[in-house]
Structures are given as structure tokens and as C-alpha cells.
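These notes concern the structure reproduced below.
Structural data, given as C-alpha cells:
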């Protein structure tokens, strides 16, 4: 049977394509966990994976949902995930209590904390002191609950006088709506939007932001173990660089970001998650400091205040220094961390 020119062309094309295919197949896989269910605030990672930003950085990123920022450091320290994102404050608590676990924060993309306690606007709780004698509902792993003692200490009330109902994540907001709890804790992007979806819109919520009561806390971060970072520095750099690129591009293309979320989670309520995403950008990520200096431009003195606040709230002698928790060694250049102003 004669070999045609077309056959030769196809064979040559397959030989050219083979190395690219092999390269794609050979990308190292990184197991990554977000802090909560797939929602607007963490959708940028799904967006970046869909757009190929992580492949461009040289990795195949497996992204799984999380079950609260309090659980994330446990999962990473235990080896279930290699890199993850979580509210930094439960991570600080975990590192203080488990110094031999070897966790390290490798990027901070939340310039302001979203942690808060939420009550009914028309209810009896008007100020932090009013929490004494009241009942709050939250999962054990909820970051807002874990950092509540620091909030109480900063705001000047007795956290031991607050009663807690431990509930599954999906039952937290219904407990407040059904008046079975006086308040709930968490990140405002989760609590506020979930309450709205249940019929309690923003004007019906009184949000007591921890940051408004003397806690200059940072927000969401990337974390891994020091051992993993030592053995795989390029993979850590790839995740952080890809994550920052994903966040920057999602900031410019919020609708595309939510479309990626919808593709990953078909039951996504697009309107709710688009608003949740905007709350995260407005309240946590986009700040004057970030616009001037770029994402993860950590100020050591402010970082130290957060470390000390968390340690003191749990009765620990302040020992942690910023370098015990955070390193900027895996960040891309400052120019690649700048957010673009959008209309």
C-alpha cells in the first residue's frame, strides 16, 4: 500500500505534537484545598485553572472544597493537601499551638479580615458587650468562632459568658433566621450572603466586624508545610504566582470568574455568588495599601499585632514573630502583584 503525502504529513504532525502532549501529561500535580464550599470569593482559583494559568506556571492543580479555615491547617499539616487557602488567623492559632507541625504562610491576599459576628438589626445586641449571656451558633472549625476570644479581648467583654451551639456549616445561618441563636460568627462573605438567600437581607443584619474593635487582622492566605516548600520550591512558587494571576484577572473579569464557578458547581446561584464575590473584593482584597503596593505586601509591624492578639486571646505567652509564620520567598515580583483599577 503506497504511503501518501497526506499520511506522511499526519505522521509528522503527530511527532511534533507528541512532545507537547507528553509535557502536558508530565505536569506535576498539586493537591489544593480552598477554605469553604466553592463560592464567589474563592472562585478565582477555578477561573485560573479554566484559563490555563496554572498550566502556564507548570503545574496541574487539583482543587477541592474545604470545610472551614479552622480545619484547613489540620488537613495541610496532616498531608491531605499540599497547599491550601484559609483565613490566616486560625492558621496563626494552629502554628502557635503546634510549633512542630511546620506550617508556613507563603502569601496573603486578604489585606483586611472578613471575620465578624452577625445578629439581627432589630435585636438586643447593639455592641460587643451585649454578647454576654447570649447564644451564638457556628461550626467548631469556623474561623470567626476560633478567633472570637481575640475579638472579645480587644472589644472588652468576657468571652466565657457567651454560650455556643455547635452546628454543621449548612445550619449556621438558619439558626439565626429561625431565632434559635442570637447571633452567628464567620466571614461576612459567607454569613451575609447566606442570610440574604434565606430572606434576611443586608439591612436586616447588624455586622460587628472584628477589625473595627482593635484587631488589625489580615484575611485569607496561602499555606503549606516548610518541608513541602523546601522540597518543592518551584511548585509553591507556581501555585502562588498562578493564584495571584488568577485573582488579578478575575478582578478584571468578574463575570467570567463566576461563569467558571458555575461550570464547576452547576447549582451555583449566579446572582448570589456574583454579589458575594464583590463583597470579598470590596471588604477584603482591594484596599488603598494593596492598590499602592500590590497583593501580599505584608507590613511586619501590623502582622506582629495580629500574632500577639491571637496568642494573648488564648492565654499563650506571645512568642511568635512574623518570620515564624510567614515568608515572602515564594512571591512573584511586585509588578506582577499589582491590581488593575476597574471601572
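Residue numbers (our numbering): 2 to 344. Glycine included, each C-beta is placed from N, C-alpha and C at the ideal position. All values derive from a computational prediction rather than experimental measurement.
Can you tell me whether residue i is helix, strand or coil according to DSSP?
i           : result
residue 37  : coil
residue 348 : Outside the displayed range of the chain (2 to 344) lies residue 348, so it cannot be described from this structure.
residue 78  : helix
residue 327 : strand
residue 283 : helix
residue 84  : strand
residue 192 : helix
residue 137 : strand
residue 199 : coil
residue 47  : helix
residue 25  : Low confidence applies here, because residue 25 scores a pLDDT of 48, under 50, leaving its location unreliable; read the following figure in that light. Three-state result, residue 25: helix.
residue 60  : coil
residue 300 : coil
residue 108 : strand
residue 309 : helix
residue 113 : coil
residue 183 : coil
residue 209 : strand
residue 130 : helix
residue 30  : strand
residue 321 : coil
residue 340 : coil
Looking only at its chain, what residues have a beta carbon closer than 7 Å to the beta carbon of residue i, apart from the 5 residues adjacent to it on each side?
i           : result
residue 155 : 214, 215, 216, 310
residue 28  : 56, 59, 60, 61
residue 287 : 340
residue 104 : 74, 77, 78, 92, 95, 96, 224, 226
residue 23  : Low confidence applies to residue 23: its pLDDT is 35, below 50, so where it sits in the model is not reliable enough to give any reading.
residue 263 : 269, 271
residue 142 : 68, 69, 71, 72
residue 290 : 112, 298
Starting from the C-beta of residue i, find all residues in its chain whose C-beta is less than 8 Å away, skip the five residues before and the five after it, and write them out in chain order.
i           : result
residue 322 : 305, 308
residue 35  : 43, 46, 64, 65, 66, 67, 85, 86
residue 331 : 107, 108, 230, 234, 237, 238, 241
residue 122 : 204, 205, 206, 207
Starting from the C-beta of residue i, find all residues in its chain whose C-beta is less than 6 Å away, skip the five residues before and the five after it, and write them out in chain order.
i           : result
residue 339 : 295
residue 164 : 136
residue 187 : 143, 145
Straight-line CA distance for residue i to residue j?
i           : j           : result
residue 148 : residue 90  : 7 Å
residue 180 : residue 115 : 23 Å
residue 50  : residue 196 : 30 Å
residue 128 : residue 259 : 35 Å
residue 249 : residue 341 : 7 Å
residue 57  : residue 333 : 14 Å
residue 190 : residue 318 : 32 Å
residue 82  : residue 102 : 14 Å
residue 153 : residue 283 : 25 Å
residue 199 : residue 178 : 7 Å
residue 15  : residue 275 : Residue placement at residue 15 is poorly supported in this model, since its pLDDT is 47, which falls under 50; the coordinates still yield a value, given next. Distance between the alpha carbons of residue 15 and residue 275 is about 43 Å.
residue 203 : residue 245 : 30 Å
Taking CB distances under 8 Å as the criterion, tell me whether residue i reaches chain C.
i           : result
residue 183 : No chain C appears in the structure shown, which is made up of a single protein chain.
Check whether the Cβ of residue i sits closer than 7 Å to any heavy atom of the ligand NAP, and report yes or no.
i          : result
residue 59 : Here there are no bound small molecules, and the ligand NAP is not part of this structure.
Write down the C-beta distance between residue i and residue j rounded to the nearest angstrom, noting that I regard them as a contact closer than 8 Å.
i           : j           : result
residue 108 : residue 297 : 5 Å
residue 120 : residue 207 : 5 Å
residue 113 : residue 278 : Their Cβ separation, rounded to whole angstroms, is 16 Å, which puts residue 113 and residue 278 out of contact at 8 Å.
residue 138 : residue 182 : 4 Å
residue 194 : residue 126 : Between residue 126 and residue 194 the Cβ distance is about 21 Å, and since that is not below 8 Å, they are no contact.
residue 111 : residue 220 : 2 Å
Quick check for students: name the residue ranges of the beta strand (DSSP E) that lie wholly in the region 156-180, counting only runs of 3 or more. Listed in chain order, they are 164-167.
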